[in-house]
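Notes to accompany the following structure.
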Amino acid sequence: MKFTAQQIAELLKGSVEGNPQAEVNGLSKIEEGKPGTLSFLANPKYNEYIYTTKASIVIVNSTFEAESPVEATLIRVADAYKSFASLLEIYNQIVNDKKGIEQPSFVDPSATIGKDVYIGAFAYIGKNSVIGDGVKIYPQCYVGDNVVIKDNTTLFAGCRVYSFCQIGKECNLHAGVIIGADGFGFAPNEQNNYKKVPQIGNVIIEDHVEVGAGTTIDRATLGSTIIRKGVKLDNLIQIAHNVEIGENTVIAAQTGVAGSTKIGKNCMIGGQVGIVGHLSIANGVKIAAQSGIGTSITTEGEIVQGSPAFNISDYKRTYVVFKKLPQLERKINEIEKTQVNKTAE
Amino acid sequence: MKFTAQQIAELLKGSVEGNPQAEVNGLSKIEEGKPGTLSFLANPKYNEYIYTTKASIVIVNSTFEAESPVEATLIRVADAYKSFASLLEIYNQIVNDKKGIEQPSFVDPSATIGKDVYIGAFAYIGKNSVIGDGVKIYPQCYVGDNVVIKDNTTLFAGCRVYSFCQIGKECNLHAGVIIGADGFGFAPNEQNNYKKVPQIGNVIIEDHVEVGAGTTIDRATLGSTIIRKGVKLDNLIQIAHNVEIGENTVIAAQTGVAGSTKIGKNCMIGGQVGIVGHLSIANGVKIAAQSGIGTSITTEGEIVQGSPAFNISDYKRTYVVFKKLPQLERKINEIEKTQVNKTAE
Amino acid sequence: MKFTAQQIAELLKGSVEGNPQAEVNGLSKIEEGKPGTLSFLANPKYNEYIYTTKASIVIVNSTFEAESPVEATLIRVADAYKSFASLLEIYNQIVNDKKGIEQPSFVDPSATIGKDVYIGAFAYIGKNSVIGDGVKIYPQCYVGDNVVIKDNTTLFAGCRVYSFCQIGKECNLHAGVIIGADGFGFAPNEQNNYKKVPQIGNVIIEDHVEVGAGTTIDRATLGSTIIRKGVKLDNLIQIAHNVEIGENTVIAAQTGVAGSTKIGKNCMIGGQVGIVGHLSIANGVKIAAQSGIGTSITTEGEIVQGSPAFNISDYKRTYVVFKKLPQLERKINEIEKTQVNKTAE
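Protein chains in written order, with my numbering: chain A, 1 to 345; chain B, 346 to 690; chain C, 691 to 1035.
The structure is reproduced here in structure tokens:
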């Protein structure tokens, strides 16, 4: 897809300065601009690059004043950053604009399929499942029996949604996401080995949730594992059975949350954090990367670090001393020696 | 599927109290009971909920005595918890009762397929592979060449089993499990880059093993990576080449075990633990979550924590002092000052 | 496939001692040798096993002198280890020698497919994608639109490569690898929830790269996430958007690298390491397993440990004192008591 400066300017309600027929078919950062790409300049810190960039078209603020000749065609708009961001979205929509049902795919006759859906080749839709309008199910996805996927949600290639799970509207589930596998529940039996506890609950994901590649969310033993509206999960996260994650909470990659823990709203949880089961985390809590949470956090907005974690300022102060431990030990030994000597005097 | 109180009572050899035609099509916790669901009351702590629950049917102990009117239909049995648990299993079996070969699927003509198997659409069975009786291979699974999968094992959607690997009886491999990818073996060469060491061993998984979603178990360089009878692995675990895990050992999510390490029987290993390669872990060892194991553990039943890990009681005592380090440092400085002053007197 | 001692000796230019018709169809370690397998003896430490091994054929150095009768057929070569290693490679090539296009598969008519490729059943190749000569795409792989995969690269079962990504020559991507899912980028909006930042860059993987099972590499927000020549990534690693990893760097399992971080050449990074975003790691740096990197490392060849990490020798010394903290505290308390007593005298 190629676009001219003229076309882009019309889209953004901007004005062209230079060649209105200049063409682009990609995007670039201004400092790495290549011919045939479109870039933008919003932050004055990057002004210098506009004189050297190879980008064919650059979107600039209407207030921008060039101090030397500029080779690129400029498009002047009220807010260069916002205009560029809206272009990104348009571009993204064009690139991901998939529709129709590719063959071979497997749609059980009892399933209900909405309007304007995309079902990629080798995708599987099980019995009685309901797929909303505008849903995109990329190739090789698995949707089990009795699943509900609401309007405008996208499942990228190779997502798996086990039976009876529910996904809200306008969610993105990236490749390799697994929703509703069995929770990890076993009861020791008389022979000193483990008997599986049947996991017959489900997973409910509300609207506007993003789930990163390879993340796994287990079904509840009974009831539901719940991911509330607006939650954003990064890649390779593990959410165990019966967990609940509150609205707009954000969790970075490779974090694990053990069974039945309830996390509040608007929390920010770093990468590689581990949270023990059956805890409760208050709203607005922030947890530093690699921390281990072994007890509930009841104070809203608390910020913690460490394994086990405690208040982040205390942790940082403590870690400063931790790094000095060898010299601290030497000092103690010297004090002790001096004292012994004095006592012996 | 709907069931009446009468049908369930017959199944459980219990007696109905209330409407024998009350119908349910789902299960719930008593405190969250909804109309049309079945619940149970076993622990007297939850007695209060039976008077307010919206569940249509509740299974109770035959000894239960109501102190106020109960709206739900009751089913009285000798042991409410056991009866409910057995219902869960029956329910689970019904929900997962898949049979037959869906099309399109790919079964190499040289493969041997047992009786009563399920092979989902888009599943792939390679050359000379042997699939036992009652095996369920969900859609989009990959079974390479010369693989053996024994009776009554289930591979959920999108499992991958590389060539020459063997899976025992009555195992569950959840979605996205990868068995037998190459071990991570490279030898530096003259040009200071790495040459791959061919990984031509396999993985052997014995009977009654559970492998959680997204877990990866690498094939041996030579010989076998072995997962013994009754081992339970949670989600997103990494088991490297030539590792051996002893009977009935349980490992929580996101733990990693490096190459050639041998783990004993009946161990319990927490989440996000890292175990270095070429170690040996004794039987019955317990490892706290997020610990790092850098040396072999030779004492049976030892319990450890920390990174690097040591005895858990010692670790906990040490961590108490760690959290006080800033005040400890202040104290040392004061002692030193006092001593210097006294010496100067 | 069966081979006789005679055939193997011809391949290795060695001489047979024993039965030239002895047959093998597998490989084993000498101490675990089974009938019908081929083994080797290179390290004199293992000499004893040659008298008891059940392996049918053993490759030995031409200088080897037996001190007792040996049952196995021997093949004498100049360097037993090298000969065995080259056999492994040949064996591996035979086992993985897949060719042709299995059906059903999905290849968009606009895609360009090279010579001698393998495309497994249920694989998907999107619009305008270019697949080089000798490429192997195992069953159930997903290759999006406008993807380039260069010569002799292998994608094992169920890999996903999102649109616009590029994979170099002679790479191996193991099962479940996900290349090019959206980076984790969200901007808070007025309603205190998050708006997705479109992720429209790509991933570029250069030649001779190995990516382990289940590893995820996110596309750049703008520009490219870059994995340089010869990089080796183990399983379940997370590489975030806009990261760059330098030539021949090796990363062990379950490590995570956050957005926009640049890692140098020839680094060695242990398992379960976490690296914060927007950092720069110098060439040749080594990072111990489970470390957390919160600031850039500018010294080439630096070796670090800890979370947050610092120099590994300092860390080890510090950890020795850490383990003694309870006794150190007791000592301080005693010193203080003595001092108070003396002052009070």
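Every residue, glycine too, gets a C-beta built ideally from N, C-alpha and C.
Note that this is a predicted model, so its numbers are computed, not measured.
Which of helix, strand or coil DSSP assigns to residue i
i	result
K1006/C	helix
T694/C	strand
T1028/C	helix
N346/A	What is shown of chain A runs 1 to 345, which leaves residue 346/A out entirely.
Q166/A	strand
P454/B	coil
E645/B	coil
K98/A	coil
A699/C	helix
R505/B	strand
V321/A	helix
N202/A	strand
P710/C	coil
P449/B	coil
I907/C	strand
K472/B	coil
I237/A	coil
One or two residues paired with residue i in a DSSP bridge
i	result
F310/A	Q305/A
G274/A	G256/A, G292/A
K481/B	Y463/B, T499/B
L518/B	L500/B, V556/B
N265/A	Asn is not the amino acid found at residue 265/A; the sequence shown has Lys there. K265/A is not bridged to any residue.
P671/B	BP columns for P671/B are empty, so no partner.
V940/C	K922/C, M958/C
K331/A	Answer is none; K331/A lacks a bridge partner.
F287/B	Only positions 346 to 690 of chain B appear in this structure, which leaves residue 287/B out of reach.
V493/B	V475/B, Q511/B
G371/B	T382/B
V488/B	I470/B, V506/B
I523/B	R505/B, T561/B
I435/B	None; I435/B has no bridge partner.
Sequence-distant residues of its chain with Cβ nearer than 6 angstroms to residue i (five each side left out)
i	result
I239/A	I217, V257
N364/B	T418
K136/A	K98, Y118, T154
Q375/B	The sequence shown places Ile at residue 375/B, rather than the Gln named in the question. S384, L386, Y391, Y394, T398, listed in sequence order.
S508/B	G489, D490, N491
N517/B	T499, E555
K13/A	none
K460/B	D478
D496/B	G477, D478, G479, K514
Proximal residues to residue i (C-beta, below 8 angstroms), its chain only, five neighbours per side dropped
i	result
E17/A	T73, L74, I75, R76
K692/C	E713, V714, N715
G875/C	K886, V887, Q889, T911, H931, G949
N956/C	G936, E937, N938, T939, N973, G974
Y194/A	F186, A187, P188
L236/A	G212, A213, G214, T215, A253, Q254
Same chain only: Cβ atoms within 7 angstroms of residue i, ignoring 5 sequence neighbours per side
i	result
V760/C	I740, Y741
M613/B	V595, K631
A999/C	I977, S981, G982, I983
Completely contained beta strand (DSSP E) runs for the stretch 28 to 86 of chain A, where each covers 3 or more residues: As far as the stretch 28 to 86 of chain A is concerned, its whole beta strand (DSSP E) runs of at least 3 residues are 37 to 41, 57 to 61, 73 to 77.
Could you check whether the stretch 1007 to 1017 of chain C touches the stretch 644 to 664 of chain B, counting it as contact only if at least three pairs of C-beta atoms, one from each stretch, sit closer than 8 angstroms? Verdict: yes, contact present.
Any 3 or more C-beta pairs closer than 8 angstroms across the stretch 741 to 756 of chain C and the stretch 713 to 731 of chain C: In this structure the stretch 741 to 756 of chain C touches the stretch 713 to 731 of chain C; the number of beta carbon pairs closer than 8 angstroms is three or more.
The stretch 225 to 238 of chain A / the stretch 206 to 215 of chain A touching (three or more Cβ pairs under 8 angstroms): Yes: the two stretches touch, three or more of their Cβ pairs being nearer than 8 angstroms.
Counting pairs of beta carbons, one from the stretch 930 to 947 of chain C and one from the stretch 252 to 268 of chain A, are three or more of them closer than 8 angstroms? yes
Evaluate contact between the stretch 982 to 990 of chain C and the stretch 952 to 970 of chain C, counting only Cβ atoms and requiring at least three cross-stretch pairs below 8 angstroms. yes
How do the stretch 768 to 775 of chain C and the stretch 784 to 798 of chain C stand: do at least 3 beta-carbon pairs fall below 8 angstroms, yes or no? Cβ pair count under 8 angstroms is below three, so no.
Give a yes or no on contact between the stretch 649 to 656 of chain B and the stretch 631 to 638 of chain B, applying the rule of three or more CB pairs nearer than 8 angstroms. Between the stretch 649 to 656 of chain B and the stretch 631 to 638 of chain B, the count of C-beta pairs closer than 8 angstroms reaches three or more; the two stretches touch.
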